Amino acid sequence: LINTKVTILKTKVTISKTKVTILKTRVTILKTKVTILNTKMALLKTKVTILKTRVTILKTKVTILKTKVTIQKTKLIKLITKVILLKTKVTILKTKVTILKTKVTVLNTKVSILNTKVTILKTKVTILKTKV
Numbered sequence: 001l002i003n004t005k006v007t008i009l010k011t012k013v014t015i016s017k018t019k020v021t022i023l024k025t026r027v028t029i030l031k032t033k034v035t036i037l038n039t040k041m042a043l044l045k046t047k048v049t050i051l052k053t054r055v056t057i058l059k060t061k062v063t064i065l066k067t068k069v070t071i072q073k074t075k076l077i078k079l080i081t082k083v084i085l086l087k088t089k090v091t092i093l094k095t096k097v098t099i100l101k102t103k104v105t106v107l108n109t110k111v112s113i114l115n116t117k118v119t120i121l122k123t124k125v126t127i128l129k130t131k132v
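Numbering follows the UniProt record's numbering, in which position 132 of the sequence shown is assigned residue number 132; successive positions increment by one, without gaps.
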């Protein structure tokens with residue numbers, strides 16, 4: 001009877017040792033998984049850092065492009081201002097031309113009047129010559 005109890009106890013000890021071994025194996029597996037996860041985490045952190053760097057680079061590029069756009073807008077405004085000034089000068093010149101044309105017309109009219117007076121005077125001279 002004692003031998004049977006000892007055998008049963010030995011069997012229980014063996015079962016307990018097996019359970020401990022299984023648990024140790026599970027712990028080892030879990031530790032390995034933790035190591036793998038830590039490695040993956042480090043890789044992900046590196047990727048995040050790389051992505052943040054890329055974002056910074058892109059933001060810098062956007063800032064540069066915005067600056068270039070602002071410069072181009074400024075140049076465009078200058079050109080538009082020059083065009084407006086030129087249009088104003090053209091309008092002024094057209095007005096001067098119109099004034100000059102009017103003056104020419106007035107002068108032509110005066111010349112016509114003078115020619116008419118000359119003709120009248122010639123006619124008077126001719127009449128006076130015939131009387132003499």
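The beta carbon of each residue, even a glycine, is placed where N, CA and C say it ideally should be. Quick caveat: nothing in here was measured; it's all calculated off a predicted structure.
* Asked: Straight-line CA distance for LEU65 to ILE57?
  -> Counting from one through the sequence shown, the residue named residue 65 turns up at place 65. Counting from one through the sequence shown, the residue named residue 57 turns up at place 57. Whole-angstrom Cα-Cα distance: 12 Å.
* Asked: Among residues of its own chain, excluding the 5 on either side of THR91, which ones have a beta-carbon nearer than 7 Å to its beta-carbon?
  -> The count along the sequence shown starts at 1 and reaches residue 91 at position 91. Cβ neighbours of THR91 beyond the five flanking positions: none.
* Could you have a look at VAL132 and say whether DSSP puts it in helix, strand or coil? => Stepping through the sequence shown from its first residue, residue 132 is reached at position 132. DSSP places VAL132 in coil when its eight states are reduced to three.
* Asked: Helix, strand or coil: how does DSSP classify LEU65 here?
  -> For this step, residue 65 is matched to residue 65 along the sequence shown. In this structure, LEU65 counts as helix in the three-state DSSP scheme.
* To do: Tell me whether LEU1 sits in a helix, a strand or coil according to DSSP, three-state version.
  => On the sequence shown, residue 1 is found 1 positions in, with the first residue counted as 1. DSSP places LEU1 in coil when its eight states are reduced to three.
* Between the CA atoms of LEU107 and LEU121 - distance to the nearest angstrom -> Your numbering for residue 121 matches position 121 in the sequence shown. Your numbering for residue 107 matches position 107 in the sequence shown. Taking the straight line from one Cα to the other gives about 21 Å.
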